[in-house]
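Numbering (my numbering), first residue to last: 11 to 84.
Virtual Cβ for every residue (Gly too), placed ideally from N, Cα, C.
As structure tokens, the structure follows; a few thoughts come after it.
Quick look at the structure:
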């Protein structure tokens, strides 16, 4: 338990292979680029964050069905 308070050694830090992304007005991220695009389009056409999340979830049910989505097995 005491070790939890120690700083993470520099060699064990994770390094990103891409630059950070910034956005204004909204961002959609998922394990599927196609599902994320569906959510982004919902935001772009006037939907809110809940609309985008639901649309992304339904798209994930198709693009990544084993992740425990509707009809999935996870």
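Which of helix, strand or coil does DSSP assign to residue i?
i: residue 75; result: helix
i: residue 36; result: coil
i: residue 150; result: Because the chain is modelled from 11 through 84, residue 150 falls outside the range shown and cannot be assessed.
i: residue 26; result: coil
i: residue 31; result: coil
Leaving out five residues on either side along the sequence, give the residues of the same chain with a beta carbon under 6 Å from the beta carbon of residue i.
i: residue 45; result: 66, 69, 70 and 73
Report the rounded CA-to-CA distance for residue i versus residue j, giving the unit in angstroms.
i: residue 75; j: residue 40; result: 13 Å
i: residue 33; j: residue 50; result: 12 Å
i: residue 87; j: residue 54; result: Absent from the structure is residue 87, since the part of the chain shown begins at 11 and ends at 84.
i: residue 26; j: residue 77; result: 24 Å
i: residue 58; j: residue 28; result: 28 Å
i: residue 42; j: residue 60; result: 18 Å
Report all residues from its chain with a CB closer than 8 Å to the CB of residue i; omit the five preceding and five following residues, and keep chain order.
i: residue 62; result: 36, 38, 49, 50, 52 and 53
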